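To start, the structure under review is shown below, and the notes come after it.
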Amino acid sequence: MSRINREEVANLARLARLDLAESELDEYAQQLEIILESVAKVGEVSTKDVKPMSHATGLVNIFREDVTKESLKREEILRSAPASEDDRFRVPRILDEE
Amino acid sequence: MSTYDEAIKKYDPVLGLETHVELSTNSKMFCGCSTEFGAEPNTQTCPTCLGLPGSLPVANAIGIESTIRIGLALNCSIAAYSRFARKNYFYPDMPKDFQTSQYDEPLCSNGYLDVLVDTDDGTKPFRVEIERVHLEEDTGKLTHAGGATGRIHGADYSLVDYNRAGIPLVEIVTKPVPDTGEYAPLVAKAYVTELRDLLRGLNVSDVRMEEGSLRCDVNLSLTPKGSKTWGTRTETKNVNSLRSVERAIKSEIERQSLELDKGNKIKQETRHFQEDTGTTRSGRSKEVAEEYRYFPEPDLVPIAPDKAWIEKLKKDLPEQPSIRRTRLAKEWNFTDLEMRDVATLGGVDLIADTIAQGTSPASARKWWAGELSGHASKAGVELIDLKITPTDIARIDSLVNEGKLTDKLARQVIEAVLNGEGNPDEVIKKRNLSVVSDDSALIPAIEAAIAANPDAAAKIREGKVQVVGVIVGAVMKTTGGSADAAKVRELVLKTLGQ
Chain Y
368 MSRINREEVA NLARLARLDL AESELDEYAQ QLEIILESVA KVGEVSTKDV KPMSHATGLV
428 NIFREDVTKE SLKREEILRS APASEDDRFR VPRILDEE
Chain F
709 MSTYDEAIKK YDPVLGLETH VELSTNSKMF CGCSTEFGAE PNTQTCPTCL GLPGSLPVAN
769 AIGIESTIRI GLALNCSIAA YSRFARKNYF YPDMPKDFQT SQYDEPLCSN GYLDVLVDTD
829 DGTKPFRVEI ERVHLEEDTG KLTHAGGATG RIHGADYSLV DYNRAGIPLV EIVTKPVPDT
889 GEYAPLVAKA YVTELRDLLR GLNVSDVRME EGSLRCDVNL SLTPKGSKTW GTRTETKNVN
949 SLRSVERAIK SEIERQSLEL DKGNKIKQET RHFQEDTGTT RSGRSKEVAE EYRYFPEPDL
1009 VPIAPDKAWI EKLKKDLPEQ PSIRRTRLAK EWNFTDLEMR DVATLGGVDL IADTIAQGTS
1069 PASARKWWAG ELSGHASKAG VELIDLKITP TDIARIDSLV NEGKLTDKLA RQVIEAVLNG
1129 EGNPDEVIKK RNLSVVSDDS ALIPAIEAAI AANPDAAAKI REGKVQVVGV IVGAVMKTTG
1189 GSADAAKVRE LVLKTLGQ
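Chains as they are written, first to last, in the numbering used here: chain Y, 368 to 465; chain F, 709 to 1206.
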């Protein structure tokens, strides 16, 4: 049974802001299918007694003191921006949100 | 019958509130950039809050502690184990392309806040249950350029200032609040007011709605009376004052009831409150549901607050606002109603600070709740935002008590202080506002008043002292209220041989 179809690939591409051509949807659906199959093998291992793990170190409560540090220079950060105006980053307008 | 009364007769409102609180830490949540309000654009950023490759976040200890204290003050359980999560979306106000937030493991959950509301049957308590309190980060600030309106529609492009991106933001979400009936708008306003006072008491945030450090989204649905299933809810954003909370809910109840009456369905959507009309406007309606693809933040280790720490934070919580108000009302000899008015105005601390400088409680209340609340509502701001301090008010009050200012002059001094003309003493000096009480300056005015009121003068000469008010009044009028009334009375009686 197929785990992923071209509609799902199209949706993932939209979420990731990837501009995929129609032909690529099938191609990636096939590739992702193989990846998912491989990953599914992990699911065969019995994990009844294993706690889900999100962090490898086992550390908790690593905090920093609430003290300020020097920020970057504005000229420096705006220099890396594709466009800027009035000391701000300039971005294309967004139509579908407010 | 008004639209609102009609709506309430047929439908039961169910409300819910999401409140965002910017914490007043020195530095941002995950980096050392300053959080100072009003700095030059993009001067408070670094690789971490800009999401530059290779940067790593570390959680601010005070951010975590403040969130737990808020949870404790709201009677929440504190999670023994809690993680940050990435909420993935693309929007230019979030430079990392994800917001560090919390998902299924909020720091605090299942609490409540009790509020009092005036009903037709007297003051009634309502319990607002809290679903969760979690910690996340604020986003940058967008300015829409080009176009005529400054709104996003018609804008040619947007400009972004990332100073605010990464400031710790606590989200407080209520459970749905049913059974408030016609009082839904008042319950919501009382909740936000009480929450604001509680946060102020905890000293974790500036809680300034107009500066955006306290922001509120209002969820509302209507259920036909007798039905057990709740209706579709809308979420109203841009509710930026206590008064707007009340107005937004009232107008949304009216709008939804009219739609339902017409047989229409309520669309699940985000709406925007419009301050000028007091109504809500449809915002975006999404064709596809949000897919944020939350996952545990790998760069921040989990939080596991130990019991001793929580106990200590709990023990050190300040007195609850409602308990404090009851105590202060007794101390100050205020009625419940007077105290509640003061609290709604956000004036409890201002009055306490004024009293601490020697002003009587009754006078402190008169100045803040009587005089200054008028100035605040005229300017559309809160009491605390007025450019006058408890020290100024205490000084003005003591000058009135010493007879150096009349109430009328005091009001002029207040106005001048509010206008930025300086402190009370500077204003009095500059405007030459002190009370005229030396006899030589008053005698001509008194003689003129006697000449203008011969009948009253004759009566006083005959011993009918009670009509002296006529002549005193005339003197006060000609001196523009700058005379000391007691002194004038004394001089009038003396002149007329009494």
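No residue lacks a Cβ here, since even glycine has one placed at the ideal position from N, Cα and C.
Fair warning: this is a prediction, and the values are worked out from it, not measured in the lab.
As a beta-bridge residue in DSSP terms, F/ALA793 pairs with F/SER809, F/PRO1004.
Straight-line measurement puts the Cα of F/ASP720 at about 8 Å from the Cα of F/THR888. Contact with chain Y is absent for F/CYS924, since none of that chain's Cβ atoms lies less than 8 Å from the residue's Cβ.
According to DSSP, F/LEU922 shares a beta bridge with F/VAL729. Between the alpha carbons of F/SER959 and F/ASP969 lies a gap of roughly 15 Å.
Residues of the stretch 427-441 of chain Y with a C-beta atom less than 9 Å from some C-beta of chain F are VAL427, ASN428, ILE429, PHE430, ARG431, GLU432, ASP433, VAL434, THR435, LYS436, GLU437, SER438, LEU439, LYS440, ARG441, listed in chain order. For F/THR847, the CB contacts under 8 Å within the same chain, skipping 5 residues up- and downstream, are TYR799, ASP801, MET802, GLN807, ARG872, ALA873 in chain order.
Between Y/ASP453 and chain F, the shortest Cβ-Cβ separation is below 8 Å.
Using a Cβ-Cβ cut-off of 8 Å, F/ASN750 counts as an interface residue toward chain Y, since at least one Cβ of chain Y sits closer than that to its own. Apart from the 5 residues on each side of it in sequence, F/LEU1025 sits with its Cβ closer than 7 Å to the Cβ of ARG777, LEU780, ALA781 in its chain, given in chain order.
Nearest C-alpha to F/PRO1006 among Y/PHE430, Y/SER421, Y/ALA448: Y/SER421.
Within its own chain, the residues whose Cβ lies closer than 6 Å to the Cβ of F/ARG908, once the five positions on either side in sequence are excluded, are VAL915, listed in chain order. Contact between F/ASP1105 and F/SER1071 holds, with the beta-carbon distance rounding to 5 Å and staying under 8 Å.
The continuous stretches of beta strand (DSSP E) do not include Y/SER447, and DSSP gives it neither H nor E. For Y/ASN378, the enclosing alpha helix (DSSP H) covers residues 373-382. For the 8 Å CB-CB criterion, F/LEU1201 and F/VAL1176 form a contact.
Here F/TYR789 is exposed: its Cβ has fewer than 16 other Cβ atoms, across all protein chains shown, within 10 Å. Across the structure, F/LYS1022 and F/LEU1008 are spaced so that their CA atoms are roughly 25 Å apart. Residues of chain F with a Cβ closer than 7 Å to the Cβ of Y/PRO459 are, in chain order, TYR865. By the neighbour-count criterion, in which 16 or more other beta carbons inside 10 Å mark a residue as buried, F/GLY746 falls on the exposed side.
Here Y/ASP454 carries a coil assignment [DSSP, helix/strand/coil]. Chain F places no beta carbon closer than 8 Å to that of Y/ILE402, leaving this residue out of the contacts.
Of the candidates F/VAL729, F/LEU1199, F/GLU773, F/LEU867, the residue whose Cα lies closest to the Cα of F/ILE875 is F/VAL729.
DSSP links F/LEU867 through a beta bridge to Y/ARG457, F/THR851. DSSP, read as helix, strand or coil, puts Y/VAL434 in coil.
Residues of chain Y whose Cβ lies closer than 7 Å to the Cβ of F/THR1186 do not exist, since the nearest Cβ in that chain is about 56 Å away. CA-CA distance, F/ALA793 to Y/VAL427, rounds to 15 Å. Residues of chain F with a Cβ closer than 8 Å to the Cβ of Y/THR424 are, in chain order, VAL1009. According to the DSSP assignment, F/PRO1098 belongs to the alpha helix (DSSP H) that extends over 1098-1109. One alpha carbon belongs to F/GLN1028, the other to F/SER866, and they sit about 43 Å apart. Cα atoms of Y/ALA396 and Y/LYS408: separation of roughly 19 Å, rounded to the nearest angstrom. Contact between F/GLU726 and F/GLU879 holds: CB atoms are separated by about 6 Å, below the 8 Å threshold.
Proximity of chain F to Y/SER421 at the Cβ level (cut-off 9 Å) is accounted for by ARG791, PHE1003, PRO1004, GLU1005, PRO1006, PRO1010, in chain order. Along the stretch 379-393 of chain Y, going in chain order, the ones with a CB nearer than 8 Å to a CB of chain F are LEU382, ARG384.
Using a Cβ-Cβ cut-off of 8 Å, Y/ILE371 does not count as an interface residue toward chain F, since no Cβ of chain F sits closer than that to its own. Taking a C-beta distance under 8 Å as the contact criterion, F/ASP1100 and F/ASN1127 do not qualify as a contact pair.
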